[in-house]
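So for the sequence shown, my numbering puts the first residue at 1; every next one is plus one. Glycine residues also receive a C-beta, built at the ideal position from the N, C-alpha and C atoms. Structure first, then comments.
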Amino acid sequence: MLAAERMPNIEKLVLPRWCFQTKNSFQFAFSQWKNLKTLIIAHDNLTGKFEFQDIGKNCSNLTNLKYFGDLRKNTATQIVRNLKSIKRLSL
């Protein structure tokens, strides 16, 4: 992910449905975005599973999450389990 390399200090990020890549690209990208505070995700379960574990492990400053998509029980569980610093959740 070119954006991760070139913008490591980004604080707000919007991920559209079409941007979902491989697990390795997510791990690399979110390992670069340590200052991320706001994440907006448009997710479709048909495009695959979103890796909240990688976000939680790397983005300790993340306090705002906006999730657009079908929120299933598994997704809600992953958000609660992995994003401990969230103060504002918009669905």
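{"Item": "Quick one: any contact between the stretch 27-39 and the stretch 69-78, if contact means 3 or more CB pairs under 8 Å?", "Value": "no"}
{"Item": "Drop a sphere of 10 angstroms on the beta-carbon of Ala29, count the other beta-carbons inside from all chains shown, and report buried for 16 or more, exposed for fewer.", "Value": "buried"}
{"Item": "Could you pull out every unbroken alpha helix (DSSP H) segment of at least 4 residues lying fully inside the stretch 24-74, listed in chain order?", "Value": "52-58"}
{"Item": "Could you tell me the alpha carbon to alpha carbon distance between Glu51 and Ala76, rounded to whole angstroms?", "Value": "12 Å"}
{"Item": "Look up Ser85 in the DSSP assignment and give the residues it is bridged to.", "Value": "DSSP lists no partner for Ser85."}
{"Item": "Within 10 angstroms of the Cβ of Leu62, are there 16 or more other Cβ atoms? Answer buried if so, exposed if not.", "Value": "buried"}
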